[in-house]
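Below you'll find the structure, written out as structure tokens, and then a few comments.
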Amino acid sequence: MGGHNTHGYAVVSAGGRTGGFLTVHTAWYQRLVGEVPPGLVLDHLCRNRWCVNPAHLEPVTSAENARRGARTKLTADQVESIRRRVGDGESQGAVARSIGISAPHISRIVSGHRWSPVPRAIERRHARLMPLVSSGQGGSESLASNGSRPSLALGKV
197 MGGHNTHGYA
207 VVSAGGRTGG
217 FLTVHTAWYQ
227 RLVGEVPPGL
237 VLDHLCRNRW
247 CVNPAHLEPV
257 TSAENARRGA
267 RTKLTADQVE
277 SIRRRVGDGE
287 SQGAVARSIG
297 ISAPHISRIV
307 SGHRWSPVPR
317 AIERRHARLM
327 PLVSSGQGGS
337 ESLASNGSRP
347 SLALGKV
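Going by our numbering, the first residue of the sequence shown is number 197, and it counts up by one from there.
The structure is reproduced here in structure tokens:
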């Protein structure tokens, strides 16, 4: 039996009375690729929460997944620029005003409490895939030809 969770991801029963639920994309990833490494979550590179294509899923830390999310205001390049500008002597307030975010947020970025260093390889891969999503080429496998959501029969997960 399936449905969706409070975050909008499709879920399927993990089996048994106390098995709970597992997101469908995680179930498919585990079936086709293998277990998600401990401490990591799956990021939908295509930004489509219903997509189950393992090529569109990447195991990342929760922090990296949040950085890539739709609500993220800054890119890794902007964060590097903020750190460089403050390091060169520009005031945090001036940097904050020029970008349109709060000075306390600049302080958290500079101190490393927000936006810990981003591995450049991950950032480059993410940037390479985003044009596919914007052009409508990514994530289409997760929709039926009529635009409806697929019904998935996973059996026991």
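Built from N, CA and C at the ideal position, the CB exists for glycine as well.
Keep in mind the model is a prediction, meaning the values are calculated, not measured.
Any idea which residues DSSP pairs residue i with across the strands?
i, result
"residue 209", "217"
Give the secondary structure of residue i by DSSP, where H, G and I count as helix, E and B as strand, and everything else as coil.
i, result
"residue 252", "helix"
"residue 200", "strand"
"residue 284", "coil"
"residue 232", "coil"
"residue 304", "helix"
In the DSSP assignment, find the beta strand (DSSP E) that holds residue i and state where it starts and stops.
i, result
"residue 240", "237-240"
Distance check for residue j and residue i, CA to CA, integer angstroms please.
i, j, result
"residue 303", "residue 243", "29 Å"
"residue 231", "residue 241", "18 Å"
"residue 226", "residue 200", "19 Å"
"residue 280", "residue 260", "21 Å"
"residue 224", "residue 268", "27 Å"
"residue 236", "residue 307", "24 Å"
"residue 276", "residue 285", "14 Å"
Just to confirm the assignment, what range does the alpha helix (DSSP H) spanning residue i have?
i, result
"residue 261", "258-264"
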